[in-house]
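Note sheet for the following structure.
Numbering (the numbering used here), first residue to last: 10 to 137.
In structure tokens, the structure reads:
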């Protein structure tokens with residue numbers, strides 16, 4: 010066990026990484042699972058089964074983003090897509106009543122986030 014100035018070094022790097030992974034994310038963002046799909050890929054040995062999860066993360070104050078990720082288990086896919094969504098948060102304009110003043114579309118790479126006010130949608134559909 011190596012020590013430097015009386016401070017012990019960690020016994021294993023894996024133990025430190027595992028404790029960091031287990032730490033829950035405690036922030037003001039709310040996660041909503043939009044879609045979970047079973048995806049198969051045909052490989053030489055047969056079919057490889059994975060799950061794709063789409064998660065929306067928002068804080069109800071105008072910060073929203075969508076995350077998409079794949080994993081071999083559903084829970085892991087949801088966690089990965091939520092952390093993916095937290096990386097690229099988009100700021101959406103809001104009124105003082107916490108509604109959208111107009112329709113807004115935010116594009117990032119291959120995903121497009123579309124948000125609108127219900128009252129604006131009703132007016133738009135009746136005017137068509």
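Using N, Cα and C, we set each Cβ at its ideal position, and we do this for glycine too.
Given that a residue counts as buried once 16 or more other Cβ atoms are within 10 Å of its Cβ, and exposed if not, what is residue i?
{"i": "residue 74", "result": "buried"}
{"i": "residue 76", "result": "buried"}
{"i": "residue 87", "result": "buried"}
{"i": "residue 121", "result": "exposed"}
{"i": "residue 78", "result": "buried"}
Could you tell me whether the Cβ atoms of residue i and residue j are closer together than 9 Å?
{"i": "residue 114", "j": "residue 95", "result": "no"}
{"i": "residue 44", "j": "residue 61", "result": "yes"}
Less than 8 Å between the CB atoms is what I'm expecting for residue i and residue j, so what's the real figure, rounded?
{"i": "residue 3", "j": "residue 41", "result": "Limits of the chain in this structure are 10 at one end and 137 at the other, which puts residue 3 out of reach."}
{"i": "residue 89", "j": "residue 80", "result": "6 Å"}
Counting only runs of 3+ residues fully inside the region 45-92, write out the beta strand (DSSP E) ranges in chain order.
55-67 and 72-80
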